[in-house]
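Trainee: Numbering (UniProt numbering), first residue to last: 1 to 746.
The structure under discussion is supplied below as structure tokens; questions concerning it will follow.
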Ligand code: HDD
């Protein structure tokens with residue numbers, strides 16, 4: 001029966017290339033993924049569930065029950081019928097039409113035809129990871145939430161990072177806000193902090209959100225540009241809606257182009273409430289502080305990456321976790337006692353204002369570690385549903401009008417995006433604690449509810465499931481009893497009308513380098529705006545914040561400021577503060593070297609001993625090295641050995657690494673004649689990265705026609721060279737080079 005004609009379409013030579021591909025099941029496939037951490041760029045990857053089982057937690061164990069492993073299994077239809085031929089549809093004669101009877105074809109095709117679901121209306125592009133959160137000290141003084149009281153608990157988390165504007169397939173390194181959404185699977189239910197990497201937001205009232213998003217998304221006529229805010233409708237909106245300018249400043253700053261997800265802060269933005277077991281409440285703002293410190297890219301680098309490696313951030317997250325180099329963040333709280341709410345000259349319910357750390361310090365209360373990659377992008381990262389309304393007892397809302405609208409919007413969009421009311425039954429969204437209620441039916445209901453009573457109260461089943469009274473822990477949720485007295489009114493509060501003091505403080509808190517980057521970013525974006533009156537209106541808006549900023553941007557745009565604009569007084573200081581260094585990304589001058597990647601450029605003739613030394617020193621400090629050559633395969637060293645190449649110079653361009661080393665090479669002409677090698681140094685130089693040149697490798701530097709500075713390191717002693725390289729690398733970038741780098745072509 002299993003005659004050869006079943007597989008006639010298969011070319012015989014493919015059997016040799018893929019030895020197991022055409023065997024029928026079951027077979028003895030013994031290619032197993034490596035269970036060990038793998039350094040970035042190494043193969044093979046393994047599914048998250050097969051790696052580091054010691055990192056499992058309650059949520060991952062829950063997901064285990066849904067994971068399907070195909071090894072040694074026959075191919076079947078969705079109804080479990082084993083498939084004998086997956087190559088040919090059922091036809092009336094070998095050259096005849098396909099028969100309607102072909103249920104195998106239909107089963108496969110109909111599922112395929114429905115594989116896409118609507119992408120998120122914002123934050124469509126994302127990457128996620130599993131991990132855990134653990135408290136440093138109990139917060140029972142402020143909240144009764146179990147996971148914020150018990151320091152012994154390791155609460156499972158799932159975190160999704162995202163960009164806002166672009167579609168699912170857009171590039172990671174666009175200038176944009178980054179989503180930073182965390183789902184805590186607590187024993188009292190799911191708690192989500194659905195935050196971003198900017199400390200403020202663009203608008204104050206949720207009713208403005210659809211307008212704002214329409215404006216920033218691609219232009220409606222031609223869906224251009226993708227993943228960019230540099231277009232007319234966005235800047236038109238900004239110029240007409242001055243409440244946006246604070247967060248626009250943040251996005252135009254280096255925060256809009258983070259180096260990696262591990263290097264950015266996260267902010268819950270809104271003021272929330274914490275409620276303790278005595279029913280006392282205080283206000284709180286949530287922060288995530290990255291252990292790896294904060295730093296960003298150079299704008300030209302970010303743009304180049306959009307083409308050269310559009311998955312840069314997502315790969316970095318994945319590879320760091322694969323390598324056991326786990327992204328870590330501390331959870332920080334700004335606690336504001338209710339009695340102190342009126343001590344500020346801004347409104348804590350205003351999402352366009354941050355509370356400066358100089359006024360309310362951030363208490364670091366616990367650590368989150370992201371230690372496992374998802375197994376399946378769609379099942380986990382795409383189907384996860386975050387919602388700011390996912391609260392647990394001990395946390396409550398404030399009256400922030402933006403937050404109030406979000407409470408509704410997320411569930412609403414998820415019902416649509418995930419196809420109905422049962423999206424919380426999708427494995428990644430299910431709580432780890434038990435859940436019981438009278439909700440029933442709907443598309444794709446998974447639970448088989450056996451309760452004969454699907455209503456409450458009931459006497460048929462003794463009124464199960466029953467309410468739980470609020471109590472210290474594991475009690476029922478009860479909303480904080482806030483006294484309210486107001487007229488039904490559509491009006492913005494007077495306390496939210498100062499739009500310019502906050503951006504002034506933000507501007508004044510930046511280093512000179514960061515300020516220049518802000519000017520450059522406004523200039524770049526507005527340079528892409530076609531309508532001159534929009535450009536002029538934005539410059540006018542900037543005149544309300546700071547003259548240097550407005551003048552810098554105006555000069556780039558060829559706009560002359562009027563006498564009135566030049567004379568416009570500065571806004572009052574934000575809560576009497578001149579600056580707050582925590583708003584600068586580079587307040588800490590040096591950074592840990594976590595997950596830094598160093599390229600080693602080689603060709604035949606390279607000194608193998610030097611390469612070994614470089615790798616040994618970098619690996620010891622947990623940096624990654626990539627041996628790059630003009631070709632794949634191996635290079636023959638000066639000593640006659642073969643060195644395995646990790647990738648080509650062209651395929652792993654300098655924008656994807658943090659520093660470059662060129663070891664001495666008796667055949668350096670080979671690199672001198674390679675345009676990609678010269679370009680490598682030029683780009684690294686342009687993007688202010690350290691360049692280490694060993695011995696005669698300086699000839700490559702000279703050929704690239706670059707000028708020496710404190711980041712271009714030259715030494716005949718390889719040990720000294722690499723030690724200095726690591727020191728310079730901890731500064732992140734050679735800022736002093738920036739002006740000189742302008743003369744290097746992009
Ligand atoms: Fe939002 C997604 C963060 C205001 C409506 N938002 C979304 C995500 C993040 C944020 C991180 C992606 C979640 C994920 O990874 O699945 N959004 C914010 C922050 C805001 C904010 C920090 C202001 C402080 N958002 C905001 C408003 C509204 C929305 C005012 C509507 C009233 N946001 C949505 C949404 C999304 C969303 C349309 C799209 C997909 C989703 O919710 O699940 O409902």
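Cβ coordinates follow ideal geometry from the N, Cα and C atoms, glycine included.
Return the first residue and the last residue of the alpha helix (DSSP H) that residue 751 is part of.
Mentor: No answer is possible for residue 751: the residues shown for the chain start at 1 and end at 746.
Trainee: Out of 442, 133, 461, which one is the CA nearest neighbour of residue 450?
Mentor: Taking only the C-alpha atoms, the option nearest residue 450 is 461.
Trainee: State yes or no: is the C-beta of residue 157 nearer than 8 Å to some heavy atom of the ligand HDD?
Mentor: Residue 157: no, Cβ never under 8 Å from the ligand HDD.
Trainee: Give the range of the alpha helix (DSSP H) segment to which residue 642 is assigned.
Mentor: Not the alpha helix (DSSP H): residue 642 falls in the beta strand (DSSP E), residues 642–644.
Trainee: DSSP has residue 333 in a bridge; who is on the other side?
Mentor: DSSP, once it has assigned bridges, lists 286, 363 as partnering residue 333.
Trainee: Pairs of beta-carbons, one from the segment 242–259 and one from the segment 323–337, closer than 8 Å: are there three or more?
Mentor: Verdict: no, contact absent.
Trainee: Does residue 693 come out as helix, strand or coil in the three-state DSSP assignment?
Mentor: The answer is strand: DSSP assigns residue 693 an E or B state.
Trainee: Helix, strand or coil for residue 192? Go by DSSP, reduced to three states.
Mentor: If DSSP states are grouped into helix, strand and coil, residue 192 belongs with the strands.
Trainee: Hey, residue 356 and residue 580: beta-carbon distance below 9 Å or not?
Mentor: Result yes, Cβ atoms of residue 356 and residue 580 sit closer than 9 Å.
Trainee: Helix, strand or coil for residue 777 per DSSP?
Mentor: Nothing can be reported for residue 777, as the shown portion of the chain is limited to 1 through 746.
Trainee: Figure out for me which residue from 269, 255, 208 has the closest Cα to the Cα of residue 195.
Mentor: Comparing Cα-Cα distances from residue 195 to each of 269, 255, 208, the minimum goes to 269.
Trainee: Would you mind sorting residue 235 into buried or exposed? The rule is 16 or more other CB atoms within 10 Å of its CB.
Mentor: Per the 10 Å Cβ criterion, buried.
Trainee: Would you check if there are 3 or more beta carbon pairs closer than 8 Å linking the segment 367–386 to the segment 122–141?
Mentor: Yes, since at least three Cβ pairs between the segment 367–386 and the segment 122–141 fall closer than 8 Å, the two stretches touch.
Trainee: Between residue 677 and residue 630, is the Cβ-Cβ spacing less than 9 Å?
Mentor: Closer than 9 Å, so yes.
Trainee: Report the CB separation of residue 175 from residue 229 in whole angstroms; it is logged as a contact under 8 Å.
Mentor: Confirmed, about 7 Å.
Trainee: When the distance is taken between beta carbons, is residue 288 closer than 9 Å to residue 368?
Mentor: Yes, Cβ-Cβ distance for residue 368 and residue 288 is below 9 Å.
Trainee: Starting from residue 635, follow the beta strand (DSSP E) in both directions and report where the run begins and ends.
Mentor: Start and end: 634–636.
Trainee: Here's a check: name, in chain order, each residue in its chain whose Cβ is nearer than 7 Å to the Cβ of residue 531, leaving out the five neighbours to either side.
Mentor: Excluding positions up to five away in sequence, the list reads 232.
Trainee: For residue 282, collect the residues of the same chain with a Cβ closer than 8 Å to its Cβ; drop the 5 residues on either side in sequence, then sort them by chain order.
Mentor: Same-chain partners within the cutoff: 142, 273, 274, 335, 336, 337, 338.
Trainee: Got a sec, what are the start and stop residues for the alpha helix (DSSP H) residue 727 sits in?
Mentor: That run of the alpha helix (DSSP H) goes 718–729.
Trainee: Less than 9 Å between CB atoms is the rule here; does residue 87 satisfy it with respect to chain D?
Mentor: Chain labels in this structure do not include chain D; a single protein chain is all it has.
Trainee: Following the continuous beta strand (DSSP E) through residue 471, name the residue where it begins and the one where it ends.
Mentor: Taken as a continuous stretch (DSSP letters only), residue 471 belongs to no beta strand (DSSP E), as it is neither H nor E.
Trainee: According to DSSP, which residues form a beta bridge with residue 665?
Mentor: BP columns for residue 665 point to 606.
Trainee: Measuring only from the beta carbon, is residue 269 closer than 8 Å to any heavy atom that is part of the ligand HDD?
Mentor: Answer for residue 269: yes, Cβ within range of the ligand HDD.
Trainee: Given a cut-off of 9 Å on the beta-carbon distance, is the pair residue 767 and residue 592 in contact?
Mentor: What is shown of the chain runs 1 to 746, which leaves residue 767 out entirely.
Trainee: For a minimum of 4 consecutive residues, which ranges assigned as the alpha helix (DSSP H) are wholly contained in the segment 479–525?
Mentor: Complete alpha helix (DSSP H) runs here, min 4: 501–508.
Trainee: Alpha carbon to alpha carbon, how far is residue 672 from residue 748? Give it in angstroms, no decimals.
Mentor: Residue 748 lies beyond the range of the chain shown here (1 to 746); nothing can be said about it.
Trainee: Less than 9 Å separating the beta-carbons of residue 417 and residue 120?
Mentor: Yes, the Cβ-Cβ distance between residue 417 and residue 120 is below 9 Å.
Trainee: With DSSP run on the structure shown, which of helix, strand or coil describes residue 130?
Mentor: Strand at residue 130.
Trainee: Is it the case that the segment 648–656 contacts the segment 298–317, given that we only count it when at least three CB pairs across the two stretches are under 8 Å?
Mentor: With the cut-off at 8 Å, the segment 298–317 and the segment 648–656 touch.
Trainee: For residue 665, which option in 690, 617, 609 has the closest C-alpha, if you only look at C-alpha atoms?
Mentor: Considering only alpha carbons, the answer is 609.
Trainee: How long is the line joining the alpha carbons of residue 134 and residue 193, rounded to whole angstroms?
Mentor: Answer to the nearest angstrom: the Cα atoms are 15 Å apart.
Trainee: By the 10 Å Cβ neighbour count, where 16 or more other Cβ atoms means buried, how is residue 48 classified, buried or exposed?
Mentor: With 16 or more Cβ atoms within 10 Å of its Cβ, residue 48 is classed as buried.
Trainee: Pairs of beta-carbons, one from the segment 343–356 and one from the segment 296–311, closer than 8 Å: are there three or more?
Mentor: Taking 8 Å as the limit for Cβ pairs, the verdict is that the segment 296–311 does not touch the segment 343–356.
Trainee: Measure the CB-CB distance between residue 385 and residue 429 and report whether it falls below 9 Å.
Mentor: Their beta carbons are under 9 Å apart, which means residue 385 touches residue 429 by this criterion.
Trainee: Could you tell me the distance, in whole angstroms, from the CA atom of residue 638 to the CA atom of residue 695?
Mentor: Cα-Cα distance, rounded: 14 Å.
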